[in-house]
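The opening position of the sequence shown corresponds to residue 38 in the numbering used here, with each subsequent residue numbered one higher. For every residue, glycine included, the Cβ atom is placed at its ideal position computed from N, Cα and C. Only a predicted model underlies this, so the values are computations on that prediction, with no experimental measurement involved.
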Amino acid sequence: MEMAQHGGPPLRDVVAARRSQKETRRNSWLLVINGGMVMMAYTFISADLVMPAFVQTLTTSSILVGMAGALMRMGWAWPQVFISRIIEPKPRKMPLLIWAGMARSVMWILVGVMTFFFGGLKPAIFLSLFMVFYALGTSLMGVMNVPWMDLMGKAIPASHRAKVFALRRFSGGVMSMVAGVLISYILSAQSGLAFPNNYAVLFMLSGSGTALAVLTFGMIREPIEKSTRAQLSLKNYLISGLSLMKEDVNFRRLCMVQFLWGFSMMGGPFYVPYAISGLGIGVVYIGFYVIAMQFSSVFSNVAWAWVGRYKGNQALFLYGTCLLALSILIPICIVYVPNHLLNFWGTEVDLRVVVYAFTFIFSGAAQSGMYSGRMTYVLDIAPADRRPTYTSFMNMFMFPQGLLPMLAGLLVAWISYQNLFRISLLFIPFAAMLAYQLKPVIHSEE
């Protein structure tokens, strides 16, 4: 070949490289679009905003309100170790993700129908059934996460992941703001939808959004990687996964940081109930807080992209932890804000409503940074043939955190919302110290 004669790369290598770049661009944009659909669908059933308000309408028990957050965390975490053992040796992971995603879509549509017809009858029985379906839905999220993370690692080169995650979070934030506007309208009197029909609509919208997200993700061309690892017995697989905590210091510190985050964030599911019952803020403002949280999540990605590029992905953990501290301080200090009416274009709004929005602004920015850092960091430190193990065990170590919202519910009943938030704040310094100790990971271009 002419290029080979002049010392350049063979033509077939040039063609292969261009094809690879084209595939990377295609997969990247599909992942970005998928991120928008995923976040829109999730926002309609947000464990921090929508679910607490829904459960609180059915019961006065703060423990049950906390259970909604617990089921989200525990349901998402528990299946991943079992699923990763099965799919890690398989060359293709996409079929499992499609199956689990469509099952979750159908389930939420059915939950919406059930809520529409039975949500107003015998609240205790309905809430019990709802919690069972909710646990199933969150478990399916956990099943989906393992192949999703592996596909991210296979389809996107390491040098592009931070950018793709940032763009994905951006599209997700934009679509979440759209969902927030819809939530605000659907839960308002203007929609003409009374309880529980308004929440039934939200659940069905979530199911439909999930279906769109799955169909978009299914268009990604999955690179086929043949694994040399045989499927281990469950016992040996658990031993190999647990040994990562001893063998990989970065993995150990990552797991410890996210464990401390769990304690710092255990008051999150109670920000909305506190606003409603403690501050007298109307349920109609839930949509406003969704928009505030997602707005900050979207535009903070500009800062996080800069931090990741010039300070390293590990820096996202430290800066995100600092913003998380600010999000906790707002509900602690809100009691010192006077009950004063502000006039915005002829509409009167309580000053506390505006100040309280900063809880969600700081929380959205913090979670965006911590999420992006966590996802990119674990993919960077994980060997290619052990990505499912690394990601699933990282998430498995979060399983005990699933109990924290229920613990938080007990604390609310015993010592008040304010004291719960103060306890959450105590874990921030320890998380910040560990985040500071995370080492940067330098990888070669793929």
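Take the alpha-carbon of V69 and the one of R206: they are about 8 Å apart. Here DSSP, grouped into helix, strand and coil, assigns N64 to helix. Considering only L378, A468, A84 and L164, the residue with the shortest C-alpha distance to W113 is A84. Of the candidates N71, G209, A450 and F464, A450 places its Cα closest to the Cα of I100.
Per DSSP, the continuous alpha helix (DSSP H) segment holding D417 begins and ends at L388 to I418. DSSP places L379 in no alpha helix (DSSP H) but in the uninterrupted beta strand (DSSP E) bounded by L378 to F381. Scanning the stretch 233-279 from its first residue to its last, no whole beta strand (DSSP E) run of 3-plus residues comes out.
Per the Cβ contact rule, the stretch 419-430 is not in contact with the stretch 325-333 (fewer than 3 Cβ pairs under 8 Å).
Listed in chain order, the non-local C-beta contacts of V218 below 8 Å within the same chain comprise G324 and I328, local neighbours out to five positions each way being set aside. Between T413 and F81, the gap from beta carbon to beta carbon reaches 7 Å or more. In the structure shown, the three-state DSSP call for E125 is coil.
Taking each of N376, M144, I460 and K59 in turn and checking the Cα distance to L173, the smallest one comes out for M144.
A Cβ-Cβ distance of about 6 Å is found for the pair M77 and S213, placing them in contact under the 8 Å criterion. Beyond the five residues adjoining it in sequence on each side, G278 comes within less than 7 Å, by CB distance, of V118, T426 and F430 in the same chain, given in chain order. With a minimum length of 4 residues, the unbroken runs of alpha helix (DSSP H) contained wholly in the stretch 276-310 fall at 281-284 and 286-301. Under the three-pair Cβ rule at 8 Å, the stretch 391-411 counts as touching the stretch 361-376.
For I220, the number of other beta carbons within 10 angstroms of its own is at least 16, and it is reported as buried.
With three or more CB-CB distances shorter than 8 Å, the stretch 462-470 counts as touching the stretch 295-310. Secondary-structure assignment with DSSP links T384 through a beta bridge to F381.
Runs of the beta strand (DSSP E) spanning 3 or more residues and lying entirely within the stretch 134-221 do not occur at all. Taking C-beta atoms under 8 Å as the contact rule, I146 and S245 qualify, at a distance of about 7 Å. Cβ atoms of K191 and E259 come within 8 Å of each other, at about 7 Å.
Taking the Cα positions, T94 is about 30 Å away from L249. Across the set R290, R122 and V87, the C-alpha of R122 shows the shortest separation from the C-alpha of L269. Excluding sequence positions up to five before and after G149, its CB lies within less than 6 Å of the CB of A237, F240 and M241, all in the same chain and listed in chain order.
About 5 Å separates the CB atoms of G406 and W341; that is less than 8 Å, so the two are in contact. Taking all protein chains shown into account, K130 has 16 or more neighbouring C-beta atoms within 10 Å of its C-beta and is therefore buried.
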